[in-house]
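The numbering used here puts the first residue of the sequence shown at 1164, with every later residue one more than the last.
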Amino acid sequence: MADHESTPSHNAERDTSTVSLPDSSASPVKVEATNVHPHRRSRKTAFFSQVKAALFAFPRGLHVLLLIICFVLGFALVTQVRAQRDDLVESLSEEDLVVLLNELNTQEDNLRSQRSELQSQLSELRDAESQLQAAEDAAKQAQQQAAINAGTVAVKGEGVIMSVVDPAAGLTATQFVMTLGELRNAGAEAIELNGVRLSARSSFVSHGSTISVDATVIRSPYVWKVIGSSHTIATALEIQAGSAAQMRAKGANVSITEAEEVVINSLATPLTPKYAHEVK
């Protein structure tokens, strides 16, 4: 390849270089290069420009050939790596292979043992969680039942409504205490009398012709709201010589109605313990 350089001037002059390809059958390709004033472009830029022009001067067929050669070399490299790995295993003696197999079997047994242990721990955790949930549910239910028995929460449910009209004011605290006892024995879960929530601490007192319950004076008509088995409670109140019969004997009018839903919104005042303390 021959290079012809021209005398540098302010205006760039064009130079023509002829590059002969290794293939004798290929025709020479002319590559035009531009000589630039050294103050405008560096020699490094001119060098890379010439290299780029020389590379693109090759025919397209040669580009494909170079691509195929690179692919073959890469495939050969991968094959060689695999062959070396296989040769490493094949080079082991029978004793070495036995040792290797035993080690693999031991590792497999260890992994299975760890898996079994983890499954056992998971099962224990699930059982413990179920027991904890059951204990929490039982505690919540007991707390709810205690609140209902103490009369500190509003309740609703099946029950009866008993209305007692005493025009002659002949009823005394005795009839009310007897009625309350019959209701509890019949399985009443919540009781309200004239807007007063009754509890285990409730008491009745007679003041002449008036009746008071838990220090609250109540007057006729007396309306009992009771939650529980409606049929059982109604039957208990109507037994012979029962509370309903005795109130009627005193001149009161008593009516008992079974209801699918009785609502009790009144609340009892909780007792603050003075002497009793929780055992821990």
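Just so it is clear, CB atoms sit at the ideal spot from N, CA and C, and this is done for glycine as well.
Checklist entry - Secondary structure at residue 1439, three-state DSSP: helix, strand or coil? => result In the three-state DSSP reduction, residue 1439 falls in the coil class, being neither helix nor strand.
Checklist entry - Does the region 1384-1400 come within contact of the region 1275-1294, defined as at least 3 CB pairs closer than 8 Å? => result no
Next on the checklist: For residue 1355, count the other beta carbons within 10 Å of its own beta carbon; 16 or more makes it buried, fewer makes it exposed. Which is it?
Outcome noted: buried
Next on the checklist: Considering just the uninterrupted stretch of the alpha helix (DSSP H) at residue 1268, what are its terminal residues?
Outcome noted: 1257-1313
Checklist entry - How would you write the range of the beta strand (DSSP E) that residue 1321 sits in, first residue to last? => result First-last of the beta strand (DSSP E) with residue 1321: 1318-1328.
Next on the checklist: Quick check on DSSP: helix, strand or coil for residue 1415?
Outcome noted: In the three-state scheme derived from DSSP, where H, G and I count as helix and E and B as strand, residue 1415 is classed as coil.
Next on the checklist: Pop quiz: residue 1350 and residue 1392 are said to be a contact at Cβ under 8 Å. What is the actual Cβ separation, rounded to whole angstroms?
Outcome noted: 6 Å
Item to check | Simplified DSSP state of residue 1354, which is helix, strand or coil | outcome: strand
Item to check | Alpha-carbon spacing of residue 1389 relative to residue 1364, whole angstroms | outcome: 17 Å
Next on the checklist: Using C-beta distances below 7 Å, list every residue in its chain close to residue 1426, excluding the 5 sequence neighbours before and after it, in chain order.
Outcome noted: 1319
Next on the checklist: For residue 1348 and residue 1341, I'd like the C-alpha separation in whole angstroms.
Outcome noted: 11 Å
Next on the checklist: Taking the alpha-carbon of residue 1370 as reference, which of 1265, 1358 and 1337 has the nearest alpha-carbon?
Outcome noted: 1337
Next on the checklist: Beta-carbon within less than 6 Å of residue 1413's beta-carbon, same chain only, minus the 5 sequence neighbours each way: which residues are those?
Outcome noted: Result list for residue 1413: 1333 and 1334, in chain order.
Checklist entry - With DSSP run on the structure shown, which of helix, strand or coil describes residue 1361? => result strand
Next on the checklist: Under DSSP, the alpha helix (DSSP H) around residue 1337 begins and ends at which residues?
Outcome noted: 1336-1348
Checklist entry - Do you know how far the Cα of residue 1383 is from the Cα of residue 1301? => result 42 Å
Checklist entry - Is residue 1242 helix, strand or coil by DSSP? => result helix
Next on the checklist: Given this structure, state the Cα-to-Cα distance separating residue 1409 from residue 1327, to the nearest angstrom.
Outcome noted: 12 Å
Next on the checklist: Measuring straight from C-alpha to C-alpha, what distance separates residue 1182 and residue 1256?
Outcome noted: Confidence at residue 1182 is low in this model, with a pLDDT of 39, below 50, so its placement is unreliable and no value can be given for it.
Item to check | N-terminal and C-terminal residue of the alpha helix (DSSP H) that residue 1379 is part of | outcome: Per DSSP, residue 1379 belongs to no alpha helix (DSSP H); it is in the beta strand (DSSP E), 1379-1381.
Checklist entry - Quick one, which of 1310, 1339, 1280 and 1323 has its alpha-carbon nearest residue 1422's? => result 1323
Item to check | Integer-rounded CB distance, given that residue 1314 should sit under 8 Å from residue 1362 | outcome: 4 Å
Checklist entry - Along the chain, where does the beta strand (DSSP E) that runs through residue 1396 open and close? => result Run containing residue 1396: none in the beta strand (DSSP E); it sits in the alpha helix (DSSP H), 1393-1400.
Checklist entry - residue 1402: buried (16+ other C-beta within 10 angstroms of its C-beta) or exposed? => result exposed
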